[in-house]
Structures are given as C-alpha cells and as structure tokens.
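Here is the structure we will look at.
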Amino acid sequence: MIFSEASRIRREKIYNDLFTAPELFASGIIAMPAMLFNPALHLRVTQFLFFYFLCWLAGKKYKPLITIIIIFLIVAFNLIVPHGEVLFSIGRLNVTHGALMTGIQRAITLQALIMLSRLSIRKDLKFPGRFGELLGESFKVLAQFTELGKRIRVKSLMADIDELMVELGNKNLPVTEEVLIIKHTSNNKIMSLIIIITFLLLTWLLFFLNYL
332 MIFSEASRIR REKIYNDLFT APELFASGII AMPAMLFNPA LHLRVTQFLF
382 FYFLCWLAGK KYKPLITIII IFLIVAFNLI VPHGEVLFSI GRLNVTHGAL
432 MTGIQRAITL QALIMLSRLS IRKDLKFPGR FGELLGESFK VLAQFTELGK
482 RIRVKSLMAD IDELMVELGN KNLPVTEEVL IIKHTSNNKI MSLIIIITFL
532 LLTWLLFFLN YL
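In my numbering, the protein residues as written are 332 to 543.
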C-alpha cells in the first residue's frame, strides 16, 4: 500500500539517492522567497499544500493532526486582537476579517516553511569554513528536531517537547556513510536536475500568478 511504512522508507531512499544535500539546500533557498513574499493567500495555501505533498512523496514523516492543531492555535491567538470587519461573534470574542486573514497567513507561512525545510535540509549538509561548520551544525539540529518531532503526541504535548529537547542536548546523531557516500550516475544527475527545475518553476509560477 502507498501509505505503508515500507512504502515510505522506499520513497525516502529514492529521494536521498536522487539528490545531494547541497542541491536540496540550494533549491530550498531559491524557492523560499516565492512563498514568503506571495501576497495572495490562496496561492500561498496552494504552495503549502504543494510542499506538503512533496514531503509525503519524499517519504518524510509528519503528523497531519499536529499540523492542523498548530494552524488552529496560531489563528486562534490572532483572533484575540480583532481588527477589520466583524464577521461573527463567539461569546465576547468578535471574529474579524482582518484578524482571521492575518492568522491564517501566519499559520500557513510557518507550516510551509517547516515543510520546505524538511525537503531541503539534510543531516549531511556541509558548508566550508568555521562559519559554515557552525551553520551546518545548526541545520543538522533542525533536521534532527523535525525528524524526532514525529514522537510528539497531542495528549502529552509539553512533556514530549521537553523530552525531545533533553534528547537533542545529550545525543550526537552520527551521519552514516550510507547517507554521505551516494553514487550519482549521469542519468540520476539529469533526472534530479529536471525535478529540481520543475519544482522551482511550479513554486515561482504560483508567485507570478498574482501578476498575470
């Protein structure tokens, strides 16, 4: 089945074999402005769903329920400061158009960045120089946190986050040779280049649709 764990592991292996860490990082950096500066909310939502689908296609682990809860909480916090036209009221809380749109935009932007980072940051990402080493370590921690984050459960949210932070502080996850040493044939190079260019074109197309 396409939703089985074996299928996910197979997709993840294909993804890691097809792309190098620098290629993924560069594509993520190029794609990021197209999402961050997209003025149309519906197109930004489309970009988020696109990244979400790609995470599934790449075999990345995630919990849809956690994503939905985070989006709901961000929107709810923004509703506390109402501005704009009042749409309806819940008790003493006035739900306004401005606060609702701002909350949705912030929530979608955050989740889209998380999905994009999961696609473009790998543990074997390296940069030259001392500053590059520190930067690479930061990205490795981010990659480890998003990977370990699958263990966070709604019913014990704070306890699981605390346990994760302690584990990250004490655990030095090695990058295995299997990840670092990947043979890229000329066919793989061409295929990876085509996929990356297609990904960037689609991401930026959703940005430029605002001006067509």
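Each residue gets a CB set at the ideal place from its N, CA and C atoms; glycine is no exception.
Among the bridge pairs identified by DSSP, I421 is matched with L424.
For E416, the CB contacts under 8 Å within the same chain, skipping 5 residues up- and downstream, are T427, H428, G429 in chain order. Of L532, F334, W535, the smallest CA-CA separation from K394 is found for F334. For the pair F381 and L533, the CB atoms are nearer than the 8 Å cut-off. Contact between the region 358-367 and the region 405-421 is absent: fewer than three C-beta pairs spanning the two stretches fall below 8 Å.
Apart from sequence neighbours up to five positions away, no residue of its chain approaches A337 with a beta-carbon distance below 8 Å. Taking all protein chains shown into account, F350 has 16 or more neighbouring C-beta atoms within 10 Å of its C-beta and is therefore buried.
Counting only runs of at least 4 residues, the region 380-458 fully encloses the following alpha helix (DSSP H) elements, listed from N- to C-terminal order: 395-410, 428-451.
Excluding residues up to 5 positions away in sequence, L355, F356, S358, G359 lie with their Cβ nearer than 7 Å to the Cβ of S451 in the same chain. Using a Cβ distance threshold of 8 Å, I402 and A443 do not count as a contacting pair.
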